[in-house]
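Undergrad: Okay, handing you the structure first.
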Amino acid sequence: MKKERDFSFHYLLRGIILIGFMLLLFKLLLTNNISLLIAPKMLSFIYLTVFVLLILGVLLIIKGTMGQKHSYHCDCDGEHTYPSSISKSLFLYLLFIIPITTGFLFSSNVLGSSVAMNRTINLGASPADAQIKNGNNKTKSNSPSDKSKINSTSNVLNGQPEPLTQAEYSKLKEKMAQTKHINITDDLYVPMMNIIQENLPNMIGKTVTTKGFVYREKDFMQNQIIVARFGITCCAADASVFGMLSTGNVSALQKDNWVEVTGTIEETQYDGSTIPMIKITKLSKIAIPQQPYVFDAGVKIE
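Mapping of the sequence shown onto the working numbering: residues 64 to 365, in sequence order.
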């Protein structure tokens with residue numbers, strides 16, 4: 064029979080850690096910085112997590128303040144023990160305390176060139192059509208755009224975009240074919256980029272306006288940049304990079320500067336693929352949008 068010992072300290076500290084994680088998530092929700100980490104469709108799971116962490120944390124704190132001795136023995140196959148020394152306890156709990164502390168002390172970071180350089184860049188097309196293959200190319204894009212997924216929403220901050228129907232996608236495609244000036248919007252970013260690539264011969268000569276952060280590959284000339292955006296399906300970990308190669312007077316731009324460019328659509332060859340290119344006629348620096356990412360919800364199969 065296991066001798067009962069006082070594990071109140073461990074219960075109390077673990078309860079505090081759970082409350083700490085709960086408060087960190089609550090802070091991200093209040094500041095809306097949670098939108099920099101996950102897609103809106105995942106918010107319901109975050110609310111549930113906050114509730115569960117609160118309940119479990121309170122129960123552990125209550126148990127830790129009761130002053131009762133408890134046995135760590137259970138009826139499972141393995142034996143579960145608490146750290147046997149102060150140093151082991153310190154090491155174990157710091158693994159949880161440090162992320163909580165840094166989460167409160169440091170502001171959320173928007174994904175940029177340092178992440179994009181390790182991802183496949185989708186140049187106005189699905190990964191099967193046109194990609195920039197980075198030199199280290201250890202991480203491939205997990206984008207679902209290779210299945211012609213596109214999205215639509217009125218406000219990406221308030222909810223996950225709903226998939227377009229086939230009719231809506233066809234209507235968007237027809238509208239883009241008829242207009243002379245294409246304004247690539249955040250809510251329709253991925254489908255509009257795909258439509259430009261899929262119908263590139265018909266898009267040449269049209270004026271296009273898009274915005275994003277400045278990204279360069281090592282082999283780019285001084286007049287070349289990619290105006291890029293991160294597309295998120297679930298969370299920042301699965302973010303894919305979409306963008307359009309652009310040429311013009313851009314040598315003074317620093318990486319990760321946010322810009323809005325207007326120019327004429329042309330076609331060019333890159334890495335053996337035919338891709339759209341913007342010949343810039345107007346460029347302006349802009350502030351980072353409240354929602355810097357775009358969301359790829361897909362097309363309904365009817």
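A virtual CB, placed ideally from N, CA and C, is assigned to each residue, including glycine.
1) Among F169, A240 and A299, which one has its Cα closest to the Cα of L263?
2) Rounded to whole angstroms, what's the CA-CA distance from L158 to N172? Just pull it up for me.
3) By the DSSP assignment, the beta strand (DSSP E) with S177 in it spans what residues?
4) On the CB-based measure, 16 or more other CB atoms within 10 Å of its CB, does A230 come out buried or exposed?
5) Assuming V357 and Y232 make a contact with CB atoms under 8 Å, what is their CB distance in whole Å?
6) For Q260, is the classification buried or exposed, using 16 other Cβ atoms within 10 angstroms of its Cβ as the cut-off for buried?
7) Within its chain, find whatever has a CB closer than 7 Å to the CB of L174; leave out the 5 residues flanking it on each side and keep chain order.
8) Less than 8 Å between the CB atoms is what I'm expecting for I267 and K236, so what's the real figure, rounded?
9) Under 8 Å, with one C-beta from each stretch per pair, do the stretch 88-95 and the stretch 275-285 reach the 3-pair mark?
10) What does the Cβ neighbour count give for I125, buried or exposed, with the cut at 16 atoms within 10 Å?
11) Cα separation between D359 and I351?
12) Tell me V271's beta-bridge partners as DSSP assigns them.
13) Is the Cβ-Cβ distance between V322 and L316 less than 8 Å?
14) Return helix, strand or coil for Y333, following the three-state DSSP convention.
15) If I measure Cβ to Cβ from S215 and keep anything under 8 Å in the same chain, skipping five residues before and after, which residues do I get?
16) Pull up the distance between the alpha-carbon of A102 and that of D319, whole angstroms please.
17) Distance check for I328 and M340, CA to CA, integer angstroms please.
18) Nearest-angstrom Cα distance between N205 and I295?
TA: From the atom records:
1) Residue numbering aside, residue 263 sits at position 200 when the sequence shown is read from its first letter. Checking every option, the nearest Cα to that of L263 belongs to A240.
2) Within the sequence shown, residue 158 is the residue found at index 95, counting from 1. Within the sequence shown, residue 172 is the residue found at index 109, counting from 1. Approximately 21 Å, taken between the alpha carbons.
3) Within the sequence shown, the letter at position 114 stands for residue 177. Careful: S177 lies outside any beta strand (DSSP E), inside the alpha helix (DSSP H) at S176 to A179.
4) Locating residue 230 in the sequence shown gives position 167, counting from the first residue. A230 is exposed by the Cβ-count criterion.
5) In the sequence shown, the residue the question calls residue 357 occupies position 294. In the sequence shown, the residue the question calls residue 232 occupies position 169. No, V357 and Y232 are not in contact; Cβ-Cβ is about 16 Å, not under 8 Å.
6) Here residue 260 corresponds to residue number 197 of the sequence shown, with the count starting at 1. With 16 or more other Cβ atoms within 10 Å, it is buried.
7) Against the sequence shown, residue 174 aligns to sequence position 111. Once the five neighbours on either side are set aside, the close Cβ partners of L174 are F293, A299 and A302.
8) If you number the sequence shown from 1, residue 267 lands on position 204. If you number the sequence shown from 1, residue 236 lands on position 173. Not really, about 16 Å apart at Cβ, beyond 8 Å.
9) no
10) For this step, residue 125 is matched to residue 62 along the sequence shown. Result: exposed.
11) On the sequence shown, position 296 is the one that residue 359 refers to. On the sequence shown, position 288 is the one that residue 351 refers to. Each residue's alpha carbon lies about 20 Å from the other.
12) On the sequence shown, position 208 is the one that residue 271 refers to. Answer by DSSP bridge pairing, in chain order: I245 and G326.
13) Stepping through the sequence shown from its first residue, residue 322 is reached at position 259. Stepping through the sequence shown from its first residue, residue 316 is reached at position 253. The answer is yes: Cβ separation under 8 Å.
14) As a position in the sequence shown, residue 333 is number 270, starting the count at 1. In this structure, Y333 counts as strand in the three-state DSSP scheme.
15) Translated into the one-based positions of the sequence shown, residue 215 becomes position 152. At S215, the pLDDT of 35 sits below 50, so the modelled position is not reliable; the number obtained from the coordinates is stated separately. Closer than 8 Å at Cβ, skipping near neighbours: P224, E225, P226, L227, E231, D250, L251, P254 and A360.
16) For the purposes of this step, residue 102 is taken as residue 39 along the sequence shown, with counting starting at 1. For the purposes of this step, residue 319 is taken as residue 256 along the sequence shown, with counting starting at 1. A102 and D319: Cα-Cα distance of roughly 22 Å.
17) On the sequence shown, residue 340 is found 277 positions in, with the first residue counted as 1. On the sequence shown, residue 328 is found 265 positions in, with the first residue counted as 1. C-alpha separation (whole angstroms): 6 Å.
18) The count along the sequence shown starts at 1 and reaches residue 205 at position 142. The count along the sequence shown starts at 1 and reaches residue 295 at position 232. Because the pLDDT at N205 is just 37, under 50, the model does not fix this residue reliably, and the point stays unresolved.
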